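What follows is one structure encoded as structure tokens, with my remarks underneath.
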């Protein structure tokens with residue numbers, strides 16, 4: 001018996017028309033659900049579709065040997081994004097988009113290759129000095145000075161993990177996972193990714209294996225030295241925990257260090273809440289009275305780990321924003 005390949009008339013033209021009516025024409029049926037179902041807004045979606053269509057033959061609608069047009073760029077791109085967004089099998093888009101399983105997989109592979117070639121140099125690159133300065137400025141506005149991004153890890157379930165490896169990839173849930181470490185800025189630019197550690201590792205163990213700080217360890221990163229002379233004995237090693245109380249009776253638990261060279265106290269712990277509550281900035285100079293003493297002592301609110309710390313310490317801003325009492329200590 002001859003084994004012939006079956007042919008299914010899928011009506012790909014009807015699939016394209018249905019897709020356009022549902023999402024892309026004016027007053028589309030599911031226009032309000034576009035962002036949730038495609039994981040991006042419509043303008044970004046169309047920008048990527050046009051870029052792929054202009055640069056890759058696969059995403060261009062071409063006629064076959066009989067002169068019948070193939071699948072549209074919208075159908076091919078939608079198939080790839082649906083597979084990525086929902087993590088479903090390649091044959092699940094057949095009924096709606098009218099693409100066979102093999103065609104859907106081709107769409108996915110060509111889509112990922114195209115995205116890397118078109119946008120990799122811009123979005124999959126290391127931060128430049130200008131980028132780092134912009135990220136530092138953003139962190140300053142968000143009251144996180146010196147921050148260039150937020151780092152976190154997430155676990156991706158590995159459905160087809162080999163049984164022999166399940167023990168080293170499965171954690172509390174019992175399902176094997178692979179860890180993805182990423183650093184993102186406030187505008188959701190992910191400028192560092194590290195994917196592959198087994199799911200049994202916690203965030204600290206993943207960071208130990210991450211190449212995030214390789215540039216610093218191998219001497220490729222710029223070397224930073226403080227501006228001006230510094231002294232390792234300028235601040236007392238012991239930190240004094242105390243309570244600052246203002247005239248209204250509000251209190252803040254802080255830690256103070258005294259600088260012998262400057263003759264001032266510095267807030268080393270609790271400075272962020274103190275700044276937010278008093279609408280002040282890092283480096284502002286305050287005055288507080290020691291209870292029962294009557295003497296006024298200058299107090300500077302500053303974060304010691306801040307990159308510009310040495311510059312702030314040398315300037316000593318003179319603005320006095322208020323008076324606070326030293327309410328107690330432990």
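Numbering (UniProt numbering), first residue to last: 1 to 330. All C-beta atoms, glycine included, are put in the ideal place defined by N, C-alpha and C. Computed from a predicted structure; not experimentally measured.
Query raised in the report: Given that a residue counts as buried once 16 or more other Cβ atoms are within 10 Å of its Cβ, and exposed if not, what is residue 150?
Result: Taking the first residue of the chain shown as position 1, residue 150 is located at position 150. Label assigned to residue 150: exposed.
**Report entry** Closest Cα partner of residue 79 within the set 37, 213, 118, 138
**Finding:** Within the chain shown, residue 79 is the residue found at index 79, counting from 1. Out of 37, 213, 118, 138, 37 has the C-alpha closest to the C-alpha of residue 79.
Query raised in the report: Anyone know if the C-beta pair for residue 199 and residue 176 falls short of 8 Å?
Result: Along the chain shown, read from residue 1 onward, the residue named residue 199 stands at position 199. Along the chain shown, read from residue 1 onward, the residue named residue 176 stands at position 176. Yes, they are a contact pair.
Query raised in the report: Given 8 Å as the limit, is there contact between the region 10-20 and the region 96-114, that is, 3 or more CB pairs closer than that?
Result: yes
**Report entry** Residue interval of the beta strand (DSSP E) (run including residue 195)
**Finding:** Locating residue 195 in the chain shown gives position 195, where the first residue counts as 1. That run of the beta strand (DSSP E) goes 190-198.
Query raised in the report: Is it buried or exposed for residue 141, if we count other Cβ within 10 angstroms and need 16 for buried?
Result: Translated into the one-based positions of the chain shown, residue 141 becomes position 141. Residue 141 should be labelled exposed.
Query - Buried versus exposed call for residue 9 [16 or more other C-beta atoms within 10 Å across all chains shown] - result: Position 9 of the chain shown holds residue 9. Flag for residue 9 reads exposed.
**Report entry** Segment contact, 8 Å Cβ cut-off, at least three pairs: the region 106-117 with the region 49-68
**Finding:** yes
Query raised in the report: Going straight from the alpha carbon of residue 218 to that of residue 212, what length do you get?
Result: Mapped onto the chain shown, residue 218 falls at position 218. Mapped onto the chain shown, residue 212 falls at position 212. About 12 Å.
Report task. Find out if the Cβ-Cβ distance for the pair residue 266, residue 256 is shorter than 8 Å. Result -> By one-based count along the chain shown, residue 266 stands at place 266. By one-based count along the chain shown, residue 256 stands at place 256. Yes. Within cutoff.
Query - For residue 155, three-class secondary structure by DSSP - result: For the purposes of this step, residue 155 is taken as residue 155 along the chain shown, with counting starting at 1. Here residue 155 sits in strand by DSSP.
Query - Residue from 202, 122, 188 with nearest C-alpha to residue 171 - result: By 1-based counting over the chain shown, the position of residue 171 is 171. The candidate whose alpha carbon is nearest that of residue 171 is 202.
Report task. Assuming residue 59 and residue 42 form a contact by the criterion Cβ under 8 Å, report the distance between their Cβ atoms to the nearest whole angstrom. Result -> Taking the first residue of the chain shown as position 1, residue 59 is located at position 59. Taking the first residue of the chain shown as position 1, residue 42 is located at position 42. With 8 Å as the limit, residue 59 and residue 42 do not qualify as a contact, their Cβ atoms being about 18 Å apart.
Query raised in the report: Roughly how many whole angstroms lie between the Cα atoms of residue 21 and residue 73?
Result: Looking up residue 21 in the chain shown gives position 21. Looking up residue 73 in the chain shown gives position 73. Distance between the alpha carbons of residue 21 and residue 73: 15 Å.
**Report entry** Presumed contact (8 Å Cβ cut-off) between residue 186 and residue 138, rounded CB distance
**Finding:** Counting from one through the chain shown, the residue named residue 186 turns up at place 186. Counting from one through the chain shown, the residue named residue 138 turns up at place 138. About 5 Å separates the two Cβ atoms, so the contact holds.
Query raised in the report: What are the boundary residues of the alpha helix (DSSP H) that residue 138 is part of?
Result: What you label residue 138 is simply residue 138 of the chain shown in a count that begins at 1. Residue 138 -> alpha helix (DSSP H) spans 129-141.
**Report entry** Rounded C-alpha distance that separates residue 71 from residue 103
**Finding:** Stepping through the chain shown from its first residue, residue 71 is reached at position 71. Stepping through the chain shown from its first residue, residue 103 is reached at position 103. Rounded to whole angstroms, residue 71 to residue 103 spans 10 Å at the Cα level.
Query raised in the report: Can you tell me where the alpha helix (DSSP H) with residue 177 in it begins and where it stops?
Result: Indexing the chain shown from 1 puts residue 177 at position 177. Here residue 177 belongs to no alpha helix (DSSP H); instead the beta strand (DSSP E) covers 177-184.
Requested in this report: Take the Cβ of residue 69 as the centre, count every other Cβ of all protein chains shown within 10 Å, and call the residue buried at 16 or more, exposed below.
Outcome: Residue mapping note: residue 69 aligns to position 69 of the chain shown, counting from 1. Answer is exposed; the Cβ neighbour count stays below 16.
Query raised in the report: Which term fits residue 26, buried or exposed, when burial requires 16 or more other beta carbons within 10 angstroms of its beta carbon?
Result: By one-based count along the chain shown, residue 26 stands at place 26. Flag for residue 26 reads exposed.
Query - Beta-ladder partner(s) of residue 123, from DSSP - result: Walking along the chain shown from the start, residue 123 turns up at place 123. DSSP output for residue 123 lists no bridge partner at all.
Query raised in the report: From residue 180 to residue 65, what does the alpha carbon distance come to, in whole angstroms?
Result: Here residue 180 is taken as the residue at index 180 of the chain shown, counted from 1. Here residue 65 is taken as the residue at index 65 of the chain shown, counted from 1. Using only the alpha carbons, I get a separation of about 45 Å.
Query raised in the report: Are there 16 or more other CB atoms within 10 angstroms of the CB of residue 156, so buried, or fewer, so exposed?
Result: By 1-based counting over the chain shown, the position of residue 156 is 156. It is exposed - the Cβ of residue 156 has fewer than 16 other Cβ atoms within 10 Å.
Query raised in the report: Whose C-beta lies closer than 6 Å to the C-beta of residue 31 among residues of the same chain, with five residues either side of it excluded?
Result: Working through the chain shown from its first residue, we reach residue 31 at position 31. So the list is empty, once near-sequence residues are dropped.
Query - First through last residue of the alpha helix (DSSP H) which encompasses residue 205 - result: The residue labelled residue 205 in the question sits at position 205 within the chain shown. Where residue 205 is concerned, the enclosing alpha helix (DSSP H) stretches over 203-209.
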